[in-house]
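Only one structure is covered here, and it is reproduced in the block below.
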Amino acid sequence: APKVAPKDEL
Amino acid sequence: MNIFRLFGDLSHLAAIAILLLKIWKTRSCAGVSGKTQLLFAVCFITRYIDLFLHFVSLYNTEKVMKLIYISASVFTCYLIFFKFKATYDGNHDSMRAEFLIVPAAGLACLINTKFDAIEILWTFSIYLEAVAILPQLFLISKTGEAETITSHYLFAQGSYRALYILNWIYRYHYESHVDTIAIVAGVVQTILYCDFFYLYITKVVKGQKIVLPA
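Written as structure tokens, this is what we have:
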């Protein structure tokens, strides 16, 4: 299952 | 980092630069919504609050970009509300920003991934960014036209999040990475530009000016 994203985007 | 996110961030930088140049060169912020710029400044500050909390040396481009976004948006607000205040079209920039801020804040408290201050501020920033362009689009509908340079600004601003959607599709497929809140808000944000994108592609690209049926 896709993991929730780390805040690595602007 | 993938090509979509790279061009998305470049498009965002271009939008900020185009607007700053327009205001600085023409020494006027006519046709520019000060409220939208204020909302964008709030978005950047609440999203990159970590820069202020534990300031780490500028060790990567991401931190530099965050600082550029915050300082450029604050400087743009300064130009609109102070330096070129006389040219600010306050009468037409009349959408109530509270109608955007309060629901975004409320929704951020209801729908988030973790109920803690930083996460809620980030979620608020994402929801607010989705609707932050509305006062600008509202202003254009009120004045019935948009300067060509302002149209280019809007096109770059709208393209940035549209490219981010492609970035999320890419990351879902190759990195099984998903951020539902950012994706849903990003889709809503991009949909709000569709009408403008249509006008931009059918008119501005052919050298005509955008004039709305007033």
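Heads up: the sequence lines are chains W and U, in that order.
4 is the number that my numbering gives to position 4 of the first sequence; each next residue is one higher, with no gaps.
89 is the number that my numbering gives to position 89 of the second sequence; each next residue is one higher, with no gaps.
In this text, a Cβ means the ideal position worked out from N, Cα and C, and glycines have one as well.
Please report the distance separating the alpha-carbon of residue 154(U) from that of residue 175(U). One-based indexing of the second sequence puts residue 154(U) at position 154. One-based indexing of the second sequence puts residue 175(U) at position 175. Cα to Cα, the separation comes out at about 31 Å.
Once the 5 residues before and after residue 51(U) are set aside, which same chain residues still bring their CB inside 6 Å of it? Here residue 51(U) corresponds to residue number 51 of the second sequence, with the count starting at 1. Counting only Cβ-Cβ distances below 6 Å, and skipping sequence neighbours, we find 66.
Terminal residues of the continuous alpha helix (DSSP H) containing residue 123(U)? Walking along the second sequence from the start, residue 123(U) turns up at place 123. It spans 117-131 - the alpha helix (DSSP H) in which residue 123(U) sits, taken as one unbroken run.
Alpha-carbon spacing of residue 157(U) relative to residue 108(U), whole angstroms: Numbered from 1 along the second sequence, position 157 holds the residue referred to as residue 157(U). Numbered from 1 along the second sequence, position 108 holds the residue referred to as residue 108(U). Roughly 23 Å separates the two Cα atoms.
Where do the ends of the alpha helix (DSSP H) carrying residue 11(U) lie? For this step, residue 11(U) is matched to residue 11 along the second sequence. 3-26 is the extent of the alpha helix (DSSP H) around residue 11(U).
Which bits of chain W does residue 95(U) rub up against, with CB to CB less than 9 Å? Taking the second sequence and counting its residues from 1, the one referred to as residue 95(U) is at position 95. Chain W residues near residue 95(U): none, gap ~26 Å exceeds 9 Å.
Just verifying my parser: in three-state terms, what is the DSSP assignment at residue 32(U)? Taking the second sequence and counting its residues from 1, the one referred to as residue 32(U) is at position 32. Three-state DSSP puts residue 32(U) in coil, outside helix and strand.
Looking at the C-beta of residue 161(U), does it have a partner C-beta in chain W at a distance below 8 Å? Mapped onto the second sequence, residue 161(U) falls at position 161. Residue 161(U) does not count as touching chain W.
Roughly how many whole angstroms lie between the Cα atoms of residue 85(U) and residue 96(U)? What you label residue 85(U) is simply residue 85 of the second sequence in a count that begins at 1. What you label residue 96(U) is simply residue 96 of the second sequence in a count that begins at 1. If you take the alpha carbons of residue 85(U) and residue 96(U), they lie about 19 Å apart.
Counting C-beta neighbours from all protein chains within 10 Å, is the total for residue 125(U) 16 or more, i.e. buried, or is it exposed? Locating residue 125(U) in the second sequence gives position 125, counting from the first residue. Residue 125(U) comes out buried.
Return the residues of the stretch 56-75 of chain U that lie within a Cβ-Cβ distance of less than 9 Å from chain W, sorted by chain order. 62, 65, 66 and 69
Spell out the partners DSSP gives residue 210(U) in its beta bridges. Here residue 210(U) corresponds to residue number 210 of the second sequence, with the count starting at 1. 146(U), per the DSSP bridge assignment.
Would residue 5(U) count as contacting chain W if we go by Cβ distances under 8 Å? Counting from one through the second sequence, the residue named residue 5(U) turns up at place 5. Yes, its Cβ sits closer than 8 Å to a Cβ of chain W.
Give every residue of the same chain whose Cβ lies closer than 8 Å to the Cβ of residue 79(U), excluding the five residues on either side of it in the sequence, and list them in chain order. Within the second sequence, numbered from 1, the residue matching residue 79(U) stands at position 79. These residues qualify, in order along the chain: 20, 23, 24 and 29.
Return the CA-CA distance between residue 61(U) and residue 192(U), expressed in angstroms with no decimal places. Start at 1 with the first residue of the second sequence, and residue 61(U) comes out as number 61. Start at 1 with the first residue of the second sequence, and residue 192(U) comes out as number 192. Rounded to whole angstroms, residue 61(U) and residue 192(U) show a C-alpha spacing of 30 Å.
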